[in-house]
Structures are given as C-alpha cells and as structure tokens.
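Numbering (our numbering), first residue to last: 1247 to 1608.
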C-alpha cells in the first residue's frame, strides 16, 4: 500500500494568482498485490496488479479582483452603480471549492532482475498508466462580501452545489537500474526512471448541468506536459551487522512546459540529496530512517492563461443591452476589462522530507 502521486499546496485565498489556484490537495492511493519468482540463482521476475483511487480538494478564485474593480469603475461611469460603491483591492471576490473522489482504476506492474555475479545486478520495471476519473464531484461557491455576490452571483450562483466530472492520468513509469558491490560492505546503486507525463495534456472540469456548459463555466486548463527523467545515485555501507548508513542524490527533471505553468503544481527540475540509516534490533526486523532535501532549480517568466469569467459576462451583458461590438470593445479597452488573463511569475521551491520505514523478513 503506497501513495504514488499527490500534491498539497496553499497559496492563500487572495494572492495575485488566485484565479489559477488558492490551495489544492490531490492524493492517489494504491494497493499492489505482487508475485515474484526466482527462476534460478541469476534471474527473477515479478508481476502485480495496481488498484488505485484518488481524492481531489481544489480551491480557486472564479473572479479576478482587478477585473472586478475595473468592472465597478465601468459600471459607475455608465451609471449602473452609485459612486459610493467600494472596491475589492487585493481580495478575491468569489471562489469555488471542487471536491470529489475518483472511481477505482486498475493497472499492472512487471519487473525483472538479473544477477550477473555476486557483485553486479541489473533490473527493470514498468508500471502502467491509469486514468483517474471523477464522475460526480461537488462544487461550492463562496463570496468575499455582499457586493461580490451582487456583481457575480447571477452567473456564478449556478455553480453552487453543482456536480462536475474530471479526469487526469497517473502516468506510466519505466525504471532501469543497476547495483554494484566494489567491496563486501559497500553497495552502489543507480537507476533512471522515465515517467510518461506526456499523457497529461489538460485538466478539464466539466459540469453536468447543461446550463453551466452553455454559459461557458467549464474549466479547461491546458497542461501539455512532456515525458521526464529522474536519475538516482546512492550508496549503502554496512557499518556493523545491524547498522547500515546511506547517502544519495536524485535529479528529477521537470515535465512542465514553461508557457503552461500553473501554480497548482509547480513542477520545476529538482535536485534532491538524501541521507539514511537502518537499524536491526533483531535480525529479521529493520527500522529505516531517511531524510531528503528538495532544492528546486527555479524558473523565471513562467506563464499561464485562463478565461476571465467576469470580464466575459460583463461585456456580454453590454452586447445584450444593445451596444455595438465597437462600443463594447471601446469600454473593454478604456477600463482594461479582459476576457482572458495571463499570469506570469518567477517560482522557487525547497522542501524538507523526513521518512521512516519498518520491515520484517520471514
């Protein structure tokens, strides 16, 4: 039982990129029954099933604070709001929570290992892709204040308590590795893992109510990920019969396209040194401790586009009220009311990851 994929990040409710993401918790859980067979002293194979399910809890802004303030200024000028109406400043006017569980997905894994001699071993494994599908998630809308609900509620209230469907892949993973013992107490290991992130082309959240579809409230977030490599090099030294020391280094390359860089998952290239140890109080029982430091290489000028729901709704109302396309375009330009937002930022990342494991050999 393990968690192969997941993400948890909190940007807060009112940061400048809130319409892309405020906070998210994605978790995938896998149960993996596996059989292994040592065909002879040199060659062994393994085959297993992967039974996976996931949960998603995503909060994002529906309305940009800057667009809302620009719309308020335009409405004041057009006589549609009194001059006393205030502004939002940096407060996100309306947000949505998307919460759901996926259906169970089933995949497979297969592996093989070959012992060239007592000191050199090669191995390979493959884990299949699985598509995680939310069939009936729930959406809940929240507003910053009464003004936000008055300005946006006519359209956005339709989302409240609506059901949605969504899908994203758990990509396939191909792993190749080798271990070598230059002396009896020292083991060196290297592996390279290719992950099929190319399957993650977009994150689509589609509402099941046709009225929401017609109003263009479905969320289509392009990803355009590419396959990526992760390289690991490590060493283990048996200090005593019961005590092992470990050190390693991973380089995890980014699958993310700089031009589709959504802060929901800031997947930059990461360099990750590790330390660890194992202690066996009795021969069959092993207690493993590990620590990893994650250092992101950083990325500058990464960008992401998203539709501006309030801008589109306001300009659409002006057209419906009888204004010409030229007049509407003039108001959009004068008051800077967009139908699409582009968010550009520089990103940095670091993390500290402790771990503990317990194993028992029969």
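The beta-carbon is built from N, C-alpha and C at its ideal position, and this holds for glycine as well.
Sub-8 Å separation of residue i and residue j beta-carbons
i	j	result
residue 1396	residue 1554	no
residue 1525	residue 1496	no
residue 1472	residue 1501	yes
residue 1599	residue 1538	yes
residue 1559	residue 1323	no
residue 1300	residue 1344	no
residue 1415	residue 1446	yes
residue 1435	residue 1480	yes
residue 1499	residue 1515	yes
residue 1387	residue 1342	yes
residue 1443	residue 1421	no
residue 1585	residue 1561	yes
residue 1592	residue 1546	yes
residue 1251	residue 1282	no
residue 1236	residue 1594	A question about residue 1236 goes unanswered here, because the residues of the chain that appear run from 1247 up to 1608.
residue 1317	residue 1556	yes
residue 1337	residue 1260	yes
residue 1488	residue 1427	no
Residues of its chain near residue i, where Cβ-Cβ distance is below 7 Å and the 5 sequence neighbours each way are ignored
i	result
residue 1606	1530 and 1531
residue 1349	1379 and 1381
residue 1588	1549 and 1551
residue 1505	1549
Opening and closing residue of the alpha helix (DSSP H) in which residue i lies
i	result
residue 1326	Where residue 1326 is concerned, there is no enclosing alpha helix (DSSP H), given that its DSSP letter is neither H nor E.
residue 1558	1555 to 1566
residue 1533	Here residue 1533 belongs to no alpha helix (DSSP H); instead the beta strand (DSSP E) covers 1531 to 1542.
residue 1574	1571 to 1580
residue 1399	1392 to 1402
Own chain partners of residue i with C-beta closer than 8 Å, once the 5 adjacent residues on each side are dropped
i	result
residue 1278	1247, 1248, 1294, 1295, 1296, 1297 and 1355
residue 1413	1377, 1378, 1379, 1380 and 1450
residue 1328	1322
residue 1375	1353, 1415, 1416, 1417, 1418, 1442 and 1445
Cross-strand partners of residue i (DSSP beta bridge)
i	result
residue 1413	1379 and 1450
residue 1298	1276 and 1351
residue 1334	Answer by DSSP bridge pairing: none, since residue 1334 is not bridged.
residue 1471	According to DSSP, which records beta bridges pairwise, residue 1471 is partnered with nothing at all.
residue 1588	1551
residue 1598	1539
residue 1465	1451
residue 1249	Note: residue 1249 sits in no beta bridge, so no partner.
residue 1359	1290 and 1369
residue 1388	1341
residue 1282	1292
residue 1503	Per DSSP, none; premise fails for residue 1503.
residue 1255	1270
residue 1306	1342
residue 1545	1593
residue 1603	1534
Close Cβ partners of residue i (< 6 Å) along its chain, the five nearest in sequence each way excluded
i	result
residue 1503	1470
residue 1284	1290
residue 1369	1359 and 1423
residue 1269	1256 and 1305
residue 1610	The displayed coordinates of the chain run from 1247 to 1608. Any statement about residue 1610 would go beyond what the structure contains.
residue 1361	1288 and 1367
residue 1492	1482 and 1522
Residue i - containing beta strand (DSSP E), residue span
i	result
residue 1496	1489 to 1498
residue 1484	1474 to 1484
residue 1510	Taken as a continuous stretch (DSSP letters only), residue 1510 belongs to no beta strand (DSSP E), as it is neither H nor E.
residue 1459	Here residue 1459 belongs to no beta strand (DSSP E); instead the alpha helix (DSSP H) covers 1456 to 1460.
residue 1408	No beta strand (DSSP E) contains residue 1408, which DSSP labels as neither H nor E.
residue 1608	Here residue 1608 belongs to no beta strand (DSSP E), and DSSP marks it neither H nor E.
residue 1517	1516 to 1528
residue 1429	1419 to 1429
residue 1243	As shown, the chain starts at 1247 and ends at 1608. That puts residue 1243 outside it, with no answer to give.
Nearest-angstrom Cβ-Cβ length linking residue i and residue j, presumed shorter than 8 Å
i	j	result
residue 1339	residue 1309	4 Å
residue 1509	residue 1263	5 Å
residue 1334	residue 1390	7 Å
residue 1482	residue 1433	5 Å
residue 1581	residue 1320	4 Å
Cutoff 8 Å: residue i Cβ touching any chain B Cβ
i	result
residue 1411	Looking for chain B here will not work: only one protein chain is present.
Contact test: residue i Cβ vs the ligand HEM heavy atom, cutoff 7 Å
i	result
residue 1345	For the ligand HEM, the structure offers nothing, since it holds no ligand at all.
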